[in-house]
Amino acid sequence: MAEEFPVEIGVVYEGERIRKQDMQVELGGTKVDYKAELVQCRKVDEIEDGKVIIKGRDLQAMEEGGQYPLVILVEVAGEQVEKDLEAVIERRIHDFSNYIEGFMHVNQRYDIWCRLSKKSFQKGFNSFTYLGQALIKLFKAELPIIEKIQITILTEEEDVKPFEEEARKIYEARDARARDLSDDDVDEFYGCVLCQSFAPTHVCAITPDRISLCGAINWFDGRAAARVDPKGPNFKIEKGELIDKEKFEYTGINEMVKEKSLGENQRFWLHTMFGNPHTSCGCFEAIAFFIPEVEGIGICHRNYRGETVIGVPFSTLATQTGGGKQLDGFLGIAIEYMRSPKFFATDGGWNRIVWMPKFIKEQVRDAIPEHLYDKIATEEITTDINELKQFLDQQDHPVKERWIEEAVIEADELEVIPLDQAFAGTRLILKNARIHADKVIIRRK
Amino acid sequence: MHAFAISGKGGTGKTILSAMIVRELVKRGLVLAIDADPDSNLPEILGVEANGTVGDIREELLEKKYSLSPEYTKDVWLEGKTYEILSENDGFDLIVMGRPEGPECYCMVNNLLRRIMDILTENYDYTVIDSEAGLEHISRRTTIDVQDMIVVTDGSQQSFDTAVRIKRLSEQLKARFDHLYVVINDTKNHPVDIEQVKRTGLSFLGSIPYDPEIEKACFEGVPLPEQSQAGEAVHHLLEKIL
Chain A
276 MAEEFPVEIG
286 VVYEGERIRK
296 QDMQVELGGT
306 KVDYKAELVQ
316 CRKVDEIEDG
326 KVIIKGRDLQ
336 AMEEGGQYPL
346 VILVEVAGEQ
356 VEKDLEAVIE
366 RRIHDFSNYI
376 EGFMHVNQRY
386 DIWCRLSKKS
396 FQKGFNSFTY
406 LGQALIKLFK
416 AELPIIEKIQ
426 ITILTEEEDV
436 KPFEEEARKI
446 YEARDARARD
456 LSDDDVDEFY
466 GCVLCQSFAP
476 THVCAITPDR
486 ISLCGAINWF
496 DGRAAARVDP
506 KGPNFKIEKG
516 ELIDKEKFEY
526 TGINEMVKEK
536 SLGENQRFWL
546 HTMFGNPHTS
556 CGCFEAIAFF
566 IPEVEGIGIC
576 HRNYRGETVI
586 GVPFSTLATQ
596 TGGGKQLDGF
606 LGIAIEYMRS
616 PKFFATDGGW
626 NRIVWMPKFI
636 KEQVRDAIPE
646 HLYDKIATEE
656 ITTDINELKQ
666 FLDQQDHPVK
676 ERWIEEAVIE
686 ADELEVIPLD
696 QAFAGTRLIL
706 KNARIHADKV
716 IIRRK
Chain B
18 MHAFAISGKG
28 GTGKTILSAM
38 IVRELVKRGL
48 VLAIDADPDS
58 NLPEILGVEA
68 NGTVGDIREE
78 LLEKKYSLSP
88 EYTKDVWLEG
98 KTYEILSEND
108 GFDLIVMGRP
118 EGPECYCMVN
128 NLLRRIMDIL
138 TENYDYTVID
148 SEAGLEHISR
158 RTTIDVQDMI
168 VVTDGSQQSF
178 DTAVRIKRLS
188 EQLKARFDHL
198 YVVINDTKNH
208 PVDIEQVKRT
218 GLSFLGSIPY
228 DPEIEKACFE
238 GVPLPEQSQA
248 GEAVHHLLEK
258 IL
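Residue numbers (my numbering), protein chains in the order written: chain A, 276 to 720; chain B, 18 to 259.
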């Protein structure tokens, strides 16, 4: 095939743009109503390896400068080819078709937009057979798990329209699955150091259940960026071992944090704001802050102009929180993180949230457990900490469970003697105790 | 790809000079014109239509960041939109940067844009950037790799002061361009004062004579004439560089 192929194929052609003035035909794009590309996994005996099927007008029959509907259907089979890989394989149509000299491919799914150059058409690229052949060759070379591959090209609206309608259902089903993806379902997380120009020790750990603090990079974006430029600001993190199920501590995350924070931080617990929390950059969408008086967590977003329930505005909180340091009880978050099933899971999740501006409360209404919605205060209810406590008490907010057995022992000096001698046969339990000491002296007997 | 950036104090004629440089370069190869002035009018001066701005699609992406389908990743979306707003014309394409950034985080979107612009500009022989009046494009290093930075002055002391500030700032920031030139855009009443140019310490590329045809086009709000005395002068300036 290589000898008779009319144009060259290679990575050098990636990024080659075909201008309107230089194009033979345009396929898909905004001026065409129907277009789609789809990868489907088949059983080995369902497809014929290497076959290219063209239904409808072929390239040589298309008017110069014309616009036409297009379907690229790639059917693949192989022992290791699973349904879950369809979207990943589908994305490669973009890469591989752009390797073809004089062929431009933009967008994906129901938005595809392709152009063929006059030059490549004149060189003999006058049939979709060549597109199919090139894709088959590249897919097999780059993804060896594909044992069989068959390609179908449709160019008539009567075929493309119903195909797109069916394909949309498949994309939707895939999206639903993708939205349900959790940290436990994947082997790789992604990291982002885009904000290190502002916060040199900050790194974002991006997982299916934890979007970047700016809210702009989800796990899928991280994966796409890391594939395009593995040494760039978004990179792959091998998840490693889950060493603490309660705190969501992974060996892979810890290694990455050590390296990317330049040794400043050693470990991240993914879904908590205490102990070894994630760091905060400077461009987080919101801040979660611990309110010790009520044992609860408040949240404030960037565009909230007033004072929070702890008496300071967002800007003051932001100065304290940002900068790439691990801070107990202060954490930058994305608003979307509030929709995560693991939203502060270690700390009690929504049961711990006591205050947030009305604006975001409405925005994330769908994520707040129904029985809690009215129990969470907003600035309309109060911005005073004592009133907040009364409100939570009246509303019977679940955070109240953390208030009981509160006792204060004040002493100028308290001598603690090893248990076996002093309290033989008794047990001392301190719940929610906060111990403050100016000096601790440990003496050998 | 050879990139020119046109900068200088507001009102000195950056956009007119940018348009004339585009007109001239089209004779030599394929040109990408970038209107990087938020108060843009390069399309009108070149007599072409803009299809939207990078600023608009950047905002649209940030607004849609939670509603895009998870597997329709933002890099793909943004690349497609950037190509859609590119205005394709005979000999040159035009892209308008549009509105400046708002209060949100632009790290992600600007990172994606840098890559898209790097790939896009590789498709052209020349890139001409009509910069905004301020110095922000230099201080934030948002400009793509530029070989020749041309500072336009109108002969006024203030416009020379701006040229000096641009020089100083670019040295401090180790900005990414090879040459820094100053061009004088003549007004009717003030002949060129070479001494004033020398004091700036920038290389003097030349001056553009006052041209009533250009002035007329500006006042009428119509595209620049294809042939003009000023255009002829720009031709000679570029001969010196290229």
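C-beta: ideal position from N, C-alpha, C; glycine also. Remember, it's a predicted structure, so these values are computed and weren't measured experimentally.
query, result
"Partners in chain A for B/V65, counting only beta-carbon separations shorter than 7 Å", "Ordered by position in chain A, no residue passes the 7 Å Cβ test against B/V65, which lies about 13 Å from the chain."
"Where B/L190 falls, given that 16 or more other Cβ within 10 Å makes a residue buried", "exposed"
"Sufficient close CB pairs (3 or more, under 8 Å) joining the region 559-570 of chain A to the region 606-620 of chain A", "yes"
"Cβ separation of B/C124 and A/C489, assumed to be a contact under 8 Å, to the nearest whole Å", "6 Å"
"Distance between A/I481 and A/I608 (C-alpha atoms, nearest Å)", "12 Å"
"Inter-residue Cα distance where the pair is A/V346 and A/G407", "12 Å"
"Beta-carbon proximity check, A/S555 vs A/T621, cutoff 8 Å", "no"
"Span of the beta strand (DSSP E) around A/N373", "Looking at the DSSP string, A/N373 is not in any beta strand (DSSP E); the run it does join, the alpha helix (DSSP H), is 361-373."
"Amino acids of chain A, ordered along the chain, whose beta-carbon sits closer than 9 Å to that of B/L137", "G290, R292"
"8 Å contact criterion, which A/H672 and A/K636 should meet: CB distance rounded", "In fact, because the Cβ distance is near 14 Å, the residues do not count as touching under 8 Å."
"Straight-line Cα distance separating B/L254 from B/Y227", "15 Å"
"The beta strand (DSSP E) enclosing A/L517, as first and last residue numbers", "517-519"
"Simplified DSSP state of B/D52, which is helix, strand or coil", "strand"
"B/D195 versus B/L95: straight-line alpha-carbon distance, rounded", "30 Å"
"At least 3 beta-carbon pairs within less than 8 Å: the region 51-69 of chain B vs the region 459-473 of chain A", "no"
"A/I328 beta carbon less than 8 Å from that of A/T430", "no"
"Identity of the residue in A/P616, A/P552, A/W625 nearest A/E645 by Cα", "A/W625"
"C-beta atoms of B/M166 and B/L197 nearer than 8 Å", "yes"
"Same chain, Cβ closer than 7 Å to A/F438, neighbours up to 5 away in sequence not counted", "A311, V346, L429"
"For A/S256, the first and last residue of its enclosing alpha helix (DSSP H)", "This structure gives no information on residue 256 of chain A, because the portion of chain A shown stretches from 276 to 720."
"Proximal residues to B/A36 (C-beta, below 7 Å), its chain only, five neighbours per side dropped", "L59, I62, L63, L241"
"Chain-ordered chain A contacts of B/T90 [CB-CB under 7 Å]", "F495, D496, A499"
"Residue interval of the alpha helix (DSSP H) (run including B/N128)", "124-138"
"Helix, strand or coil at B/S224 according to DSSP, with G and I counted as helix", "strand"
"Cβ-heavy atom distance, A/V314 to the ligand PLP, below 7 Å", "Annotation note on the ligand PLP: not contained in the displayed structure, which lists no ligands."
"Three-state secondary structure assigned by DSSP to A/N661", "helix"
"Where A/M298 sits in the DSSP three-state scheme", "strand"
"Expected contact under 8 Å - CB spacing of A/I375 and A/Y288 to nearest Å", "6 Å"
"Inter-residue Cα distance where the pair is B/V113 and A/E357", "43 Å"
"Status (buried if at least 16 other CB within 10 Å, exposed otherwise) for A/G331", "buried"
"C-alpha distance - A/E654 paired with B/K26, whole-angstrom precision", "46 Å"
"Chain-ordered neighbours of A/K295 on chain B, where CB pairs are closer than 8 Å", "E105"
"A/M276 - DSSP class collapsed to helix/strand/coil", "Reliability of the predicted coordinates at A/M276 is poor, the pLDDT of 47 falling under 50, and no value is obtained from them."
"Residues in the region 466-481 of chain A having any Cβ partner in chain B nearer than 9 Å", "C467, L469, C470, S472, F473"
"Neighbour-count burial assignment, A/I717, 16 or more Cβ in a 10 Å radius", "exposed"
"B/T32 versus B/D147: straight-line alpha-carbon distance, rounded", "6 Å"
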